[in-house]
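Here's the structure, in structure tokens; my notes come after.
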Amino acid sequence: MRIGGSHYINSYILPPVLSRYSQLYPGIALELVEHSSAVLTKMLEERAVDLTFSCNQLFMKDFERYPMFSDRILLAVPRAHPFNRRYRAFALPPRGVMNGHHLHGDCPALPAERCGELEFISLMPGNNLHDRMLQIFAAVGVKPRLKIELSQLATTYHLAAGGFAAAFVSDRMVTAAATPLCFYRLDSPLATRQFYALLPSRDYTAKAVRRFIQLVGEVLRPKARA
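What follows is the structure, given as structure tokens:
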């Protein structure tokens with residue numbers, strides 16, 4: 025079975041699913057293909073992969089799809105930055121994100137226009153998070169101050185943790201309490217992303233693929249972040 029995913033999906037979402045699947049079905053060979061969503065949906069169309077994942081509505085219209093998991097985009101600011109003192113009432117430490125405090129209704133959301141005070145690490149155009157970042161800024165009439173553009177979300181996260189600049193990151197990337205970042209829930213509906221498993225539009229789906237999709241839900245839903 026050939027599974028297509030972005031670096032983010034393959035690194036932060038699929039590892040526990042793949043481990044569990046290989047334990048349950050050791051006779052099924054798995055191949056993990058890593059590309060951008062645009063490339064992967066083209067590969068899916070050509071049947072070069074059996075399934076992939078996306079949160080981009082533009083890539084979904086021609087495929088069978090199943091809701092799988094959600095994530096929340098957070099503002100990540102290097103811990104030593106004075107921004108964190110000014111907005112300490114909104115700041116969350118890594119452990120607060122790991123415990124899901126940012127998902128509670130009483131967690132204060134930072135007004136998105138405050139992001140205009142920061143320099144940003146951005147993903148390159150064409151990436152969903154890059155597009156959402158621009159939409160979040162545009163909605164409040166602020167032009168982002170971009171310091172650098174990168175191709176991988178993981179690199180963005182680690183560069184922010186190194187103190188280079190602020191960034192928008194996924195809450196599912198926050199796995200270490202010692203990470204030197206402060207996180208902020210954003211006051212924007214664009215900060216929530218729903219990801220779907222995409223399959224070629226066809227009458228028959230292999231049992232191995234159907235079981236993999238079911239397992240994604242079983243493994244991830246107990247930790248679902250709405």
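For any residue, its number in the numbering used here is found by taking its place in the sequence shown, counting from 1, and adding 24.
We put the beta carbon where it would ideally sit given N, CA and C, even for glycine.
Nothing here was measured: the structure is a model prediction, and the numbers come from that model.
Beta bridge counterpart(s) of residue i as assigned by DSSP
i: Ile27; result: Leu56 and Leu75
i: Ile145; result: Ile172 and Ala191
i: Leu134; result: Leu210
Alpha-carbon to alpha-carbon, residue j and residue i
i: Pro117; j: Cys206; result: 5 Å
i: Leu99; j: Ser78; result: 21 Å
i: Ala200; j: Arg209; result: 18 Å
i: Pro246; j: Gln238; result: Residue placement at Pro246 is poorly supported in this model, since its pLDDT is 46, which falls under 50; the coordinates still yield a value, given next. Taking the straight line from one Cα to the other gives about 13 Å.
i: Met157; j: Phe192; result: 7 Å
i: Ala41; j: Gly28; result: The sequence as given places Val at residue 41; Ala does not occur at that position. Each residue's alpha carbon lies about 14 Å from the other.
i: Met84; j: Met92; result: 14 Å
Run of the beta strand (DSSP E) containing residue i, from where it starts to where it stops
i: Ile160; result: Segment Asn152 to Ala163 is the alpha helix (DSSP H) holding Ile160; no beta strand (DSSP E) there.
i: Lys231; result: Segment Lys231 to Leu244 is the alpha helix (DSSP H) holding Lys231; no beta strand (DSSP E) there.
i: Arg169; result: Arg169 to Leu174
6 Å Cβ shell around residue i - same chain, five flanking residues per side excluded
i: Ser175; result: Met148
i: Arg119; result: Ala201
i: Phe161; result: Pro168
i: Thr76; result: Gly28, Leu64, Leu68 and Leu222
Contacts around residue i, its chain only, beta-carbon distance under 7 Å, and the 5 residues preceding and following it disregarded
i: Thr229; result: Leu223
i: Phe87; result: Leu68, Leu222, Leu223, Pro224 and Ser225
Contact set for residue i: own chain, Cβ-Cβ below 8 Å, skip 5 residues either direction
i: Tyr49; result: Ala232 and Arg235
Unbroken alpha helix (DSSP H) run spanning residue i, endpoints
i: Val63; result: Ser61 to Glu69
i: Leu38; result: Taken as a continuous stretch (DSSP letters only), Leu38 belongs to no alpha helix (DSSP H), as it is neither H nor E.
i: Pro13; result: This structure does not reach residue 13, given that the chain is present from 25 up to 250, and the question cannot be answered.
Cβ-heavy atom distance, residue i to the ligand GDP, below 6 Å
i: Ala72; result: Among the components modelled here there is no ligand, and therefore nothing to report on the ligand GDP.
Subject >> Those runs of the beta strand (DSSP E) which lie wholly inside the segment 80-106 and span at least 3 residues >> reply: Counting only unbroken stretches of 3 or more residues, the beta strand (DSSP E) elements lying wholly within the segment 80-106 are 87-102, in sequence order.
Subject >> Complete beta strand (DSSP E) runs within the segment 178-224 (minimum length 3 residues, chain order) >> reply: 190-194, 205-209 and 216-224
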